[in-house]
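Q:
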Amino acid sequence: MSVSPAVRLERFAAMLRARRFDETLIEHAEMVVGVFHVSIGMEATAAALALTRGSDDLVMLNHRNHGALQALGSDPEAMFREILGRDGGPQRGRGGSLHLCDPEHGVPYTSAMVAGGAALAVGMALARKRLGHQGIVFAFFGDGAMNEGAMHESLNLASLWRVPVLFVCESNTREAAERATATQAARSLHALAAVHQVAATAVDAADAGAITAAMGEAAAELRAGAGPRFLEARTPPWSGNAAFIPQLTTGRLDLSSGEDDAWVQADPILREMRAMTADGIATAELLAIDRAIDERMREAFERAAAAPLAPATHASEGVWA
Amino acid sequence: MIATYHEARTRALERALADDPELLLLGGSLSLPFNPDDGLAARHPERILLPPISEFATAAAAVGASIAGLRTLVPVSTSSFLFYGFAPVVNEAANVRYLSGGASNAPVTFHMMCGSRRGGGAQHEHTLQAMFQNVPGLRVIAPGTPASVDGALHAALTGEDPTILIDHILLAPFDGELGEAPAAVTDPALVRDGGDAMLVSYSLMLQHCLAAAQLLAEDGLEVAVLEVATLAPLAVEELINATAGHERLVFVDESRAAGSPASHMLAQVAQARPQTHTRLVCTLDAPAPFATHLLDEILPTPARIAAATRALIAA
């Protein structure tokens with residue numbers, strides 16, 4: 001099922017917010033205390049989440065959370081303030097990049113432990129079901145989480161209890177889709193979910209249309225009362241994602257060198273842009289959307305960077321009720 | 001009225017289930033298999049979800065549910081089962097309010113049997129309270145009387161902090177006064193008065209301290225016994241005030257001494273009043289042996305507590 005032109009532009013903007021946020025951060029990496037993880041290459045999945053999430057749905061993200069939050073509509077200045085340890089950061093300087101969350105957009109808390117958030121999501125969905133509340137729970141995690149026993153316990157529990165969780169495995173380090181790797185003997189990750197009787201499929205997550213359709217379909221099944229679903233979102237690996245602090249100085253590519261041709265073909269944003277122009281959407285319109293977002297990110301960063309540091313009193317608050 | 005610890009625990013849980021119709025137990029009983037059946041599974045099957053043997057996922061589901069507005073109580077049974085589920089408790093539940101900037105919290109309760117049940121051996125007789133008290137954000141309550149287990153369950157199941165209820169299999173038959181209304185946890189609580197020394201403890205060791213006080217009374221020594229049920233956050237000022245009348249203090253703990261609740265209490269009191277004379281009576285640094293005569297070589301027994309107290313008074 002394809003989306004309307006207006007929704008397609010909305011999705012494109014969500015992808016660009018995710019990308020330009022991270023690029024702005026990479027350009028000022030020296031100002032960030034501690035580590036941060038970017039979501040470059042995963043923007044189509046983030047945008048699909050933004051289009052699919054209903055107002056009653058909850059989302060569990062992970063350490064690589066910037067892109068999804070930007071796609072969902074979180075305030076970039078607030079996020080930059082948090083990442084830079086400035087006053088006005090929504091986690092009050094206590095969470096930083098690893099734990100960015102935003103209850104207003106369905107993200108009540110963010111665990112940075114591999115498989116940790118997906119395990120919590122099962123309980124959130126149990127709460128939805130027991131309390132008779134509307135809404136489903138999205139659990140985002142990487143391919144590495146599938147190595148954790150915690151993940152398999154959680155898939156089993158979700159399946160036994162038939163709770164409304166959509167497990168979204170952002171597989172962003174596996175070069176080949178159907179082959180064992182140095183860390184995973186299984187040839188496919190969705191097959192691992194399927195053995196727990198969780199309906200599971202794989203999708204090309206660099207194809208904005210495909211991932212949007214797959215996520216929408218799975219969510220609709222969950223809303224209709226189906227048990228948990230699992231999506232293996234196959235995402236093109238971006239070399240900068242591997243490092244704690246991205247080694248690439250920027251995600252903005254100089255296309256003239258030819259060195260990045262493979263990435264240019266794989267990049268979900270460029271793919272979608274090519275598809276949109278092929279479908280008759282004016283390039284100028286797309287570039288105007290990008291310019292506005294890029295400008296917004298730069299301004300948000302500048303305001304955040306100019307803010308005072310979070311007050312010292314925040315360190316010991318919030319421990320006890 | 002006079003009630004046993006087991007009766008008080010069961011009553012408190014019944015009250016909590018009646019007061020909060022949404023409260024869900026991820027496990028079938030707070031008492032089985034080593035204490036008498038509390039009858040919960042028979043009386044409230046709809047309030048119980050029995051998880052598979054899957055401690056990580058169960059603990060995480062309980063924490064996740066609490067974040068999403070469903071209060072859960074997890075009967076862990078033997079505390080060491082939770083080693084598989086440690087991460088969701090110490091690294092998620094404890095951090096939810098702090099890391100979310102106060103936007104969310106995780107009012108979940110984990111109940112577990114700690115200490116030596118005798119004959120369980122090294123893998124089933126751990127003292128997790130010493131580990132949990134070092135995790136900021138976890139409320140750790142270890143009651144030692146019918147009144148304090150009543151208050152502990154009430155505090156855990158109505159509070160907003162993730163709470164660890166440290167229970168002990170051998171506490172079930174001890175009796176004591178139990179009021180009609182839910183007791184508040186008042187830390188510290190003087191459970192026996194006496195002027196020659198003061199014993200400070202919690203959980204089963206509180207009962208051992210009372211037994212030691214009885215032994216000492218036969219020698220003509222009158223010692224006070226103070227219960228500190230809330231191990232974290234420790235009510236430091238109240239502890240210092242409650243011990244103020246005593247120059248000789250014995251801190252008793254079934255944990256090994258290093259990083260134990262008792263050693264923390266001792267440090268706080270000694271820091272505030274350096275002239276105080278103190279003793280620390282803890283389990284010796286060995287795993288719990290299976291044979292009970294070997295176990296008694298390492299545990300704080302009433303006789304060992306009494307001996308340490310006599311030595312302190314004589315010094």
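Residue numbers (the working numbering), protein chains in the order written: chain F, 1 to 321; chain D, 1 to 315. Every residue gets a Cβ at the ideal spot worked out from N, C-alpha and C, and that includes glycine. No experiment lies behind these values; they were computed from the predicted model shown.
In chain B, which residues lie less than 7 Å from Leu24 of chain D when you measure between Cβ atoms?
A: Among the chains of the structure shown, chain B does not appear; the protein chains present are F and D.
Q: Under the three-state reduction of DSSP, which class applies to Ile305 of chain D: helix, strand or coil?
A: Within the second sequence, the letter at position 305 stands for residue 305 of chain D. If DSSP states are grouped into helix, strand and coil, Ile305 of chain D belongs with the helices.
Q: Out of curiosity, what's the CA-to-CA distance linking Asp207 of chain F and Gly258 of chain F?
A: As a first step, residue 207 of chain F is located in the first sequence; it is residue number 207 there, counting from the start. As a first step, residue 258 of chain F is located in the first sequence; it is residue number 258 there, counting from the start. Taking the straight line from one Cα to the other gives about 23 Å.
Q: So is Asp37 of chain D buried or exposed if we call it buried at 16+ other beta carbons inside 10 Å?
A: Translated into the one-based positions of the second sequence, residue 37 of chain D becomes position 37. Result: exposed.
Q: Ignore the nearest five residues each way along the sequence and tell me which others in Asn156 of chain F's own chain have a CB closer than 8 Å to its CB.
A: The residue labelled residue 156 of chain F in the question sits at position 156 within the first sequence. Hits under 8 Å: His196.
Q: What does DSSP give as the partner residues of Glu170 of chain F in its beta bridges?
A: For the purposes of this step, residue 170 of chain F is identified with residue 170 of the first sequence, where counting begins at 1. F:Gly142, F:Ala233, per the DSSP bridge assignment.
Q: Would you say Arg223 of chain F faces chain D, with C-beta separation under 7 Å as the test?
A: Your numbering for residue 223 of chain F matches position 223 in the first sequence. Output row for Arg223 of chain F: interface = no.
Q: How about Asp187 of chain D: is its C-beta nearer than 7 Å to some C-beta of chain F?
A: The residue given as residue 187 of chain D occupies position 187 in the second sequence. Chain F, which has no Cβ nearer than 7 Å to the Cβ of Asp187 of chain D, makes this no.
Q: Taking the alpha-carbon positions, what's the Leu153 of chain D to Asp267 of chain F distance?
A: Numbered from 1 along the second sequence, position 153 holds the residue referred to as residue 153 of chain D. Numbered from 1 along the first sequence, position 267 holds the residue referred to as residue 267 of chain F. Their backbone Cα atoms lie some 55 Å apart in a straight line.
Q: Do Leu13 of chain D and Val140 of chain D come within 7 Å of each other at the CB atom, strictly closer than that value?
A: Locating residue 140 of chain D in the second sequence gives position 140, where the first residue counts as 1. Locating residue 13 of chain D in the second sequence gives position 13, where the first residue counts as 1. Going by C-beta atoms, Val140 of chain D is not nearer than 7 Å to Leu13 of chain D.
Q: Taking the straight line between their C-alpha atoms, what separation do you get for Ala307 of chain D and Gly149 of chain F?
A: Counting from one through the second sequence, the residue named residue 307 of chain D turns up at place 307. Counting from one through the first sequence, the residue named residue 149 of chain F turns up at place 149. Taking the straight line from one Cα to the other gives about 48 Å.
Q: Would you mind sorting Gln70 of chain F into buried or exposed? The rule is 16 or more other CB atoms within 10 Å of its CB.
A: Translated into the one-based positions of the first sequence, residue 70 of chain F becomes position 70. With 16 or more other Cβ atoms within 10 Å, it is buried.
Q: Please classify Leu333 of chain D: is it buried, with 16 or more other beta-carbons within 10 angstroms of its beta-carbon, or exposed?
A: Only positions 1 to 315 of chain D appear in the structure, and residue 333 of chain D is not among them; the question remains open.
Q: CA-CA distance, Ala189 of chain D and Gly259 of chain D?
A: Stepping through the second sequence from its first residue, residue 189 of chain D is reached at position 189. Stepping through the second sequence from its first residue, residue 259 of chain D is reached at position 259. When rounded, the distance between both Cα atoms is 23 Å.
Q: May I ask you to list, following chain order, the residues of the region 117–129 of chain F that have a beta carbon less than 7 Å from some beta carbon of chain D?
A: Ala119, Leu120, Ala121, Val122, Gly123, Met124, Leu126, Ala127, Arg128
Q: So what does DSSP say about Val195 of chain F, is it helix, strand or coil?
A: Indexing the first sequence from 1 puts residue 195 of chain F at position 195. Looking at Val195 of chain F - three-state DSSP - the assignment turns out to be coil, as it is neither helix nor strand.
Q: Does the beta carbon of Leu17 of chain D sit closer than 7 Å to a beta carbon anywhere in chain F?
A: As a first step, residue 17 of chain D is located in the second sequence; it is residue number 17 there, counting from the start. At a cut-off of 7 Å between beta carbons, Leu17 of chain D makes no contact with chain F.
Q: Taking Ala210 of chain F as the reference, which of F:Glu221, F:Thr235, F:Val198 has the closest Cα?
A: Working through the first sequence from its first residue, we reach residue 210 of chain F at position 210. For Ala210 of chain F, the closest C-alpha among the options F:Glu221, F:Thr235, F:Val198 is that of F:Thr235.
Q: For a contact meaning CB atoms closer than 9 Å, what does Asn156 of chain F contact in chain D?
A: Residue 156 of chain F sits at position 156 when you count from the first residue of the first sequence. By Cβ distance, chain D contributes Pro52, Ser54, Ala57.
Q: Here's a check: name, in chain order, each residue in its chain whose Cβ is nearer than 7 Å to the Cβ of Gln123 of chain D, leaving out the five neighbours to either side.
A: For the purposes of this step, residue 123 of chain D is identified with residue 123 of the second sequence, where counting begins at 1. Within the same chain, Gln123 of chain D has close Cβ partners Ser80.
Q: In chain order, what residues of the same chain have a beta carbon less than 8 Å from the beta carbon of His355 of chain D, not counting five sequence neighbours either side?
A: Because chain D spans 1 through 315 in this model, residue 355 of chain D falls outside it and cannot be assessed.
Q: Looking at the unbroken beta strand (DSSP E) that takes in Ser201 of chain D, where does it start and where does it end?
A: As a working note, residue 201 of chain D is residue 201 in the second sequence. Its beta strand (DSSP E) spans residues 197–201.
Q: Determine the burial state of Val76 of chain D: buried for a count of at least 16 other Cβ atoms within 10 Å of its Cβ, exposed for fewer.
A: Your numbering for residue 76 of chain D matches position 76 in the second sequence. With 16 or more Cβ atoms within 10 Å of its Cβ, Val76 of chain D is classed as buried.
Q: Pro45 of chain D touches chain F at which residues, Cβ-Cβ below 7 Å?
A: Position 45 of the second sequence, counted from the start, is the residue given in the question as residue 45 of chain D. Against Pro45 of chain D, chain F offers no close residue; the least beta-carbon distance is about 14 Å (beta-carbon pairs closer than 7 Å).
Q: Among the residues of its own chain, which have a CB less than 6 Å from the CB of Thr283 of chain F, if the five just before and after it don't count?
A: The residue given as residue 283 of chain F occupies position 283 in the first sequence. The answer, listed in chain order, is Thr277.
Q: Can you tell me the Cα-Cα spacing of Ile240 of chain D and Val281 of chain D, whole angstroms?
A: Translated into positions along the second sequence, residue 240 of chain D becomes position 240. Translated into positions along the second sequence, residue 281 of chain D becomes position 281. Taking the straight line joining both Cα atoms gives about 19 Å.
Q: How about His66 of chain F and Phe21 of chain F: are their beta carbons less than 7 Å apart?
A: To locate residue 66 of chain F, count along the first sequence from 1; it is residue 66. To locate residue 21 of chain F, count along the first sequence from 1; it is residue 21. Against a cut-off of 7 Å, the Cβ pair of Phe21 of chain F and His66 of chain F comes out as a contact.
Q: Kindly say whether Arg97 of chain D, judged by its beta-carbon, lies nearer than 7 Å to any beta-carbon of chain F.
A: Taking the second sequence and counting its residues from 1, the one referred to as residue 97 of chain D is at position 97. Arg97 of chain D counts as touching chain F.
Q: Measuring CA to CA, which of D:Leu24, D:Asp193, D:Ala244, D:Ala229 is closest to Val223 of chain D?
A: As a working mapping, residue 223 of chain D is identified with position 223 in the second sequence. Of the candidates D:Leu24, D:Asp193, D:Ala244, D:Ala229, the one whose C-alpha sits nearest the C-alpha of Val223 of chain D is D:Asp193.
Q: Could you give the DSSP three-state label for Met265 of chain D: helix, strand or coil?
A: Translated into positions along the second sequence, residue 265 of chain D becomes position 265. Three-state result, Met265 of chain D: helix.
Q: Looking only at DSSP bridge pairs, what is Ser77 of chain D linked to?
A: Residue mapping note: residue 77 of chain D aligns to position 77 of the second sequence, counting from 1. According to DSSP, which records beta bridges pairwise, Ser77 of chain D is partnered with D:Met112.
Q: Mind checking if Gly137 of chain D is an interface residue toward chain F, Cβ cutoff 7 Å exclusive?
A: As a position in the second sequence, residue 137 of chain D is number 137, starting the count at 1. Cβ-Cβ to chain F under 7 Å: yes for Gly137 of chain D.
Q: In this structure, what does DSSP give as the bridge partners for Val140 of chain D?
A: The sequence position of residue 140 of chain D within the second sequence is 140, counting from 1. According to the DSSP secondary-structure assignment, Val140 of chain D is paired through a beta bridge with D:Ile164, D:Ala232.
Q: Could you say which of D:Ser203, D:Glu125, D:Ala272, D:Val96 lies nearest to Pro107 of chain D if we only look at CA atoms?
A: Indexing the second sequence from 1 puts residue 107 of chain D at position 107. Checked all of D:Ser203, D:Glu125, D:Ala272, D:Val96; the closest Cα to Pro107 of chain D is D:Val96.
Q: Starting from Phe251 of chain D, trace the beta strand (DSSP E) both ways and give me its first and last residue.
A: Taking the second sequence and counting its residues from 1, the one referred to as residue 251 of chain D is at position 251. DSSP places Phe251 of chain D in the uninterrupted beta strand (DSSP E) bounded by 248–256.
Q: What residue from D:Ala61, D:Gly115, D:Gly85, D:Glu227 has the CA that sits closest to Ala158 of chain F's CA?
A: In the first sequence, residue 158 of chain F corresponds to position 158, counting from 1. It is D:Ala61.
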